[in-house]
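Visitor: Here it is, the structure in full.
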Amino acid sequence: MAEHTRSSITIDAPAAEVMGVIADFARYPEWTGEVKEAEVLSTDEQGRAEEVRLLLDAGAIKDEHTLAYEWSSDLSVRWSLVKSQMLRALDGSYELRTTGQQTEVTYQLTVDVKIPMLGMIKRKAEKVIIDRALDGLKKRVESTSGGAA
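For what it's worth, my numbering labels the leading residue of the sequence shown as 175, then goes sequentially.
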């Protein structure tokens with residue numbers, strides 16, 4: 175169960191802009207295909223989300239879950255599952271690294287569902303989730319970036 179899936183993408187924008195999009199949960203339905211609703215339930219003393227309720231619709235998988243977020247820096251955020259109807263675990267992170275005028279974003283994810291599923295199928299599902307999220311994040315940031323020409 176400790177296995178995880180990880181992938182990275184380079185975005186043509188500063189890390190602050192990338193993290194701004196990641197932290198703007200209210201707008202997730204605009205750029206993530208599966209998130210239909212996002213509601214920040216609590217924030218920390220800096221105004222960053224601590225708990226977020228997400229309503230997902232990924233075709234065959236529909237779920238409502240709550241995630242707890244931990245912001246360790248302006249370049250890193252981790253989350254873990256608080257409650258869900260279909261999931262036993264959903265642990266992930268975004269790690270940002272500045273590379274010149276670009277930002278490399280690494281997304282790591284571990285998913286465990288309540289229904290029995292082969293590990294290989296779980297890893298494939300994690301890979302699809304990560305790739306869609308990174309592609310959506312890149313498109314969103316680059317289309318709204320102040321540096322875009």
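The beta carbon of each residue, even a glycine, is placed where N, CA and C say it ideally should be. This one's a predicted model, so the numbers in the text were calculated from it and none came from an experiment.
Pair every Cβ in the stretch 210-222 with every Cβ in the stretch 307-320, then say whether three or more of these pairs are closer than 8 Å.
Guide: no
Visitor: Could you name the residues of the same chain whose beta carbon sits closer than 7 Å to that of Val279, not counting the 5 residues immediately before and after it, in chain order?
Guide: Counting from one through the sequence shown, the residue named residue 279 turns up at place 105. The answer, listed in chain order, is Ser182, Ile183, Ile185, Val192, Tyr268, Leu270, Leu308, Leu311.
Visitor: Select from Val251, Glu211, Thr273, Ser247 the residue whose C-alpha is nearest the C-alpha of Thr240.
Guide: Working through the sequence shown from its first residue, we reach residue 240 at position 66. Out of Val251, Glu211, Thr273, Ser247, Glu211 has the C-alpha closest to the C-alpha of Thr240.
Visitor: Residue range of the alpha helix (DSSP H) that Gly194 falls in?
Guide: The count along the sequence shown starts at 1 and reaches residue 194 at position 20. Unbroken alpha helix (DSSP H) run through Gly194: 189-197.
Visitor: Leaving aside the five residues before and after Ala187 along the sequence, list all residues of the same chain whose C-beta is less than 7 Å from its C-beta, in chain order.
Guide: Residue numbering aside, residue 187 sits at position 13 when the sequence shown is read from its first letter. For Ala187, where only same-chain residues beyond five positions count, the Cβ hits under 7 Å are Thr277, Val315, Glu316, Ser319, Gly321.
Visitor: Around the C-beta of Leu264, are 16 or more other C-beta atoms found within 10 angstroms, so that it is buried, or is it exposed?
Guide: For the purposes of this step, residue 264 is taken as the residue at position 90 of the sequence shown. Buried, since its Cβ has 16 or more Cβ neighbours within 10 Å.
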